[in-house]
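Numbering (our numbering), first residue to last: 151 to 227.
These notes are about the structure you will find just below.
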Amino acid sequence: YCMPCPFGVDIPGSFEMWNTFRLFGKYEQIKKRWESMGDKGPLSCTQCMTCVSLCPQEIPIPSDLVRVHEEISKEAL
């Protein structure tokens, strides 16, 4: 429902990786996909809020994408 992002962020893919990371707790599980996201990753979110207005569950997607990036990037170091 939240797609397409006007800035190309892969919202479902970002959340899928976050869920996998949180479930298994290992960066290696998502490393290849995370590193290949490029400008489709959560850091490309501009906080435009388009996705929030489309989301029937009213998920705070932009702030969650910040958390996705922070949690996964911390492990990537």
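Note that beta-carbon positions come from the ideal geometry of N, C-alpha and C, so glycine has one too.
Bounds of the alpha helix (DSSP H) holding Gly163 are 161–174.
With a cutoff of 7 Å on beta-carbon distance, Cys152 and Ile211 are scored as near each other. When the Cα atoms are used, Ile161 and Thr170 turn out to be separated by approximately 14 Å.
Following the DSSP letters along the chain, one finds Ile222 inside the alpha helix (DSSP H) bounded by residues 211–226. For Cys201, the enclosing alpha helix (DSSP H) has its first and last residue at 200–204. Cα atoms of Arg217 and Glu166: separation of roughly 13 Å, rounded to the nearest angstrom. Closest option to Ser213, judged by alpha-carbon separation, among Glu185, Cys198, Gly175, Trp184: Cys198.
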